[in-house]
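To convert, note that position 41 of the sequence shown is 562 in this note's numbering; the numbers rise steadily by one, no gaps.
Every residue, glycine too, gets a C-beta built ideally from N, C-alpha and C.
Data block below; observations after.
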Amino acid sequence: MLSINDITPFQKTLIQWYDSHKRDLPWRETHNPYIIWVSEIILQQTQVVQGLDYFYRFITQFPSVSALANANIDTVLKYWQGLGYYSRAHNMHNAAKEIMAKHHGNFPTEYTAVRALKGIGDYTAAAICSFAYNQPYATVDGNVYRFLARYFGISTPIDSTNGKKEFAALAQQLLNLTHSGLHNQAMIEFGALQCVPRSPDCNNCPFKESCKAFAEDLVEILPVKEKRTKIRDRFFFYICIDDNGYTYLKKRSNDEIWKGLFEFPTIETPKRPMLENILKSEAFSEIVGKNYSIINQLPEIKHVLSHQHIYACGIHIRTNEQTDALHSCQRIRIADIHQFAVSRLTGKFLEKLGW
Ligand code: ADE
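Below, the structure is given as structure tokens:
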């Protein structure tokens, strides 16, 4: 147990709160930087409760940097399936290879070398270096921004350049330099459990006497965000073929959403498509040809991503014509479809199809 004589009142209150409220989480029981890295990237995508399953599955399948580096990207994506933001999985795979090539398979221990790895930003580098090596780098994630903005009554937008600098400097100033890892975990946990986004229980908060937002009734207003994300609408039409128990999937290769994941042959249109227009279109006959029968229509599903709203519908058809377009797809047994990494949206269509 750490001695609390040589720490500031803020640090002391924080650690006392953490000691009695912290959750037992598997990545807190290790100093292995690889395991901590995996947990932090997963936690950037999902809440702790949902993240646990992904975490265990991922580290069981890829227990070390070398296991991840040597894996096929399709397998890595399959283990990431459902978490979204698949560039994170690509980046981890690339970073693991980089560690093998540049660091002889040993996870780097210097902050700058950690920060230089693909997909590792300031937050993740600080998390790895403080949790694994107890190095004095403050972690500032959404939980910490919220706590600091409220405690100090700061209205600088947390997503502005100035805000990022201001909060980073403040977090660094507050850091307990002897127990950086513990302090950082406690800051994150405090934001996650006590200083929650909506209706925090301020009357039962150990910081209520000194919290500026509580004193000035700003708790629901802080933190402030500057930018409203611009949302783009997209319209996808999926062609789900049944060719005597076989179907066709295509790997998304362009450098945008769902790169590396499989999906049905897709027609994207600038506006919500009308079925009869799709059926008459050149794009449709290039994929399907002329000899097909419709089994049923697949009604629209709205799928919300951080910067895009996707409206997807489709058609379930029977055909045994192999067009040129289908030659560039993978022909697979419908019974094997769950072996392929697909987006959550495609997963919803698989459910509708009963596949
Ligand atoms: N969210 C991000 N990192 C976390 C951690 N290490 N523990 C709990 N929640 C987190």
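Are the Cβ atoms of H614 and V597 separated by less than 8 Å? Here residue 614 refers to the residue found at position 93 of the sequence shown. Here residue 597 refers to the residue found at position 76 of the sequence shown. In contact: H614 and V597 (Cβ atoms closer than 8 Å).
Taking Cβ positions, are K639 and N664 nearer each other than 8 Å? Residue 639 sits at position 118 when you count from the first residue of the sequence shown. Residue 664 sits at position 143 when you count from the first residue of the sequence shown. Cβ atoms of K639 and N664: not closer than 8 Å.
Starting from N683, trace the beta strand (DSSP E) both ways and give me its first and last residue. Within the sequence shown, residue 683 is the residue found at index 162, counting from 1. Taken as a continuous stretch (DSSP letters only), N683 belongs to no beta strand (DSSP E), being part of the alpha helix (DSSP H) at 682-695.
Using only alpha-carbon positions, find the residue among I528, K869, N591 that is nearest to C761. Here residue 761 refers to the residue found at position 240 of the sequence shown. It is K869 whose Cα lies nearest to the Cα of C761.
L847: which of S827, I858, F805 sits nearest, CA to CA? To locate residue 847, count along the sequence shown from 1; it is residue 326. L847 has its Cα closest to that of F805, out of S827, I858, F805.
Have a look at C723 and V717 and give me their C-alpha separation to the nearest angstrom. Residue numbering aside, residue 723 sits at position 202 when the sequence shown is read from its first letter. Residue numbering aside, residue 717 sits at position 196 when the sequence shown is read from its first letter. Cα to Cα, C723 sits roughly 10 Å from V717.
Assuming I831 contacts H824 under a Cβ cut-off of 8 Å, what Cβ separation, rounded to an integer in Å, is found between them? As a first step, residue 831 is located in the sequence shown; it is residue number 310 there, counting from the start. As a first step, residue 824 is located in the sequence shown; it is residue number 303 there, counting from the start. 4 Å between Cβ atoms; contact.
Evaluate the contact criterion for the stretch 663-681 versus the stretch 745-759: three or more CB pairs, one atom per stretch, below 8 Å. yes
Residue burial classification, D662 (beta-carbon count within 10 angstroms, cutoff 16): As a working note, residue 662 is residue 141 in the sequence shown. So D662 counts as buried.
Who are the Cβ neighbours of P530 in its own chain at under 7 Å, not counting the five residues just before and after it? The residue labelled residue 530 in the question sits at position 9 within the sequence shown. Same-chain partners within the cutoff: there are none.
Is any heavy atom of ligand 3 found at a distance shorter than 7 Å from the C-beta of W538? With respect to ligand 3, the structure offers nothing, as its ligand set consists of ligand 1.
Contact belief for E789 with F757 at Cβ below 8 Å, rounded distance in angstroms: Reading the sequence shown from its first residue, position 268 is the one you call residue 789. Reading the sequence shown from its first residue, position 236 is the one you call residue 757. About 6 Å; that satisfies the 8 Å criterion.
G642 versus E730: straight-line alpha-carbon distance, rounded: Numbered from 1 along the sequence shown, position 121 holds the residue referred to as residue 642. Numbered from 1 along the sequence shown, position 209 holds the residue referred to as residue 730. Looking at the two C-alpha atoms, the distance is approximately 34 Å.
Distance check for L770 and R753, CA to CA, integer angstroms please. What you label residue 753 is simply residue 232 of the sequence shown in a count that begins at 1. What you label residue 770 is simply residue 249 of the sequence shown in a count that begins at 1. Their Cα atoms are separated by approximately 25 Å.
Assuming A647 contacts Y658 (C-beta within less than 8 Å), just tell me the rounded distance between them. In the sequence shown, counting from the first residue as 1, residue 647 sits at position 126. In the sequence shown, counting from the first residue as 1, residue 658 sits at position 137. Their Cβ separation, rounded to whole angstroms, is 4 Å, which keeps A647 and Y658 in contact under 8 Å.
Let me know the secondary structure DSSP gives N593 once reduced to three states. Stepping through the sequence shown from its first residue, residue 593 is reached at position 72. DSSP places N593 in coil when its eight states are reduced to three.
So, with DSSP's three-state summary, where would you put T529? Position 8 of the sequence shown, counted from the start, is the residue given in the question as residue 529. Three-state result, T529: coil.
Cutoff 8 Å; reference K599; Cβ partners in own chain excluding five residues on either side: Taking the first residue of the sequence shown as 1, we reach residue 599 at position 78. Excluding residues within five positions, the ones whose Cβ falls inside 8 Å are Q860, F861, A862.
Going by beta carbon distance, what residues of the same chain come within less than 6 Å of M522, once the five residues before and after it are set aside? In the sequence shown, the residue the question calls residue 522 occupies position 1. Bear in mind that the predicted position of M522 carries a pLDDT of just 49, short of 50, making it unreliable; the figure below should be weighed with that in mind. Here the set comprises nothing.
Between the beta-carbon of Y575 and the beta-carbon of T567, is there less than 8 Å? Start at 1 with the first residue of the sequence shown, and residue 575 comes out as number 54. Start at 1 with the first residue of the sequence shown, and residue 567 comes out as number 46. Contact flag set, yes.
DSSP state of E737 mapped onto helix, strand, coil: Your numbering for residue 737 matches position 216 in the sequence shown. E737: coil per DSSP, three-state reduction.
Any chance you could list the beta strand (DSSP E) runs of at least 3 consecutive residues sitting entirely within the stretch 798-840, in chain order? 814-825, 829-839
Environment of P786 [buried if 16+ CB atoms lie within 10 Å]: Locating residue 786 in the sequence shown gives position 265, counting from the first residue. Under this definition P786 is a buried residue.
Quick one: give me the first and last residue of the alpha helix (DSSP H) that T939 is part of. In the structure as shown, the chain starts at 522 and stops at 876, and residue 939 therefore has no counterpart that could be examined.
Counting pairs of beta carbons, one from the stretch 531-545 and one from the stretch 587-597, are three or more of them closer than 8 Å? no
Do you know how far the Cα of I563 is from the Cα of E777? Against the sequence shown, residue 777 aligns to sequence position 256. Against the sequence shown, residue 563 aligns to sequence position 42. Roughly 20 Å separates the two Cα atoms.
Answer with buried or exposed for T750, where buried requires no fewer than 16 other C-beta atoms within 10 angstroms of its C-beta. Taking the sequence shown and counting its residues from 1, one reaches residue 750 at position 229. By the 10 Å Cβ count, T750 comes out exposed.
Ligand 1 and A707: does any heavy atom of the ligand fall closer than 7 Å to the residue's C-beta? Taking the first residue of the sequence shown as 1, we reach residue 707 at position 186. No; taking the cut-off as 7 Å, the Cβ of A707 has no heavy atom of ligand 1 nearer than that.
Residues bridged to V863 by DSSP? Numbered from its first residue, the sequence shown carries residue 863 at position 342. The partner list for V863 (beta bridge, DSSP) reads F783.
Going by the beta-carbon positions, is the gap between F668 and G712 smaller than 8 Å? Residue mapping note: residue 668 aligns to position 147 of the sequence shown, counting from 1. Residue mapping note: residue 712 aligns to position 191 of the sequence shown, counting from 1. Taking 8 Å as the Cβ cut-off, F668 and G712 qualify as a contacting pair.
Note down the Cα distance separating C726 from N705, rounded to an integer number of angstroms. In the sequence shown, residue 726 corresponds to position 205, counting from 1. In the sequence shown, residue 705 corresponds to position 184, counting from 1. Whole-angstrom Cα-Cα distance: 18 Å.
Burial state of G875 (16 or more Cβ within 10 Å): The count along the sequence shown starts at 1 and reaches residue 875 at position 354. Exposed, because fewer than 16 other Cβ atoms sit within 10 Å of the Cβ of G875.
DSSP state of K623 mapped onto helix, strand, coil: Position 102 of the sequence shown, counted from the first residue, corresponds to residue 623. DSSP places K623 in helix when its eight states are reduced to three.
Counting only the same chain and skipping the five closest in sequence on each side, list residues whose C-beta sits under 8 Å from that of E842. Residue numbering aside, residue 842 sits at position 321 when the sequence shown is read from its first letter. Hits under 8 Å: V809, G810, K811, N812, Y813.
Quick check on DSSP: helix, strand or coil for F728? In the sequence shown, counting from the first residue as 1, residue 728 sits at position 207. Coil.
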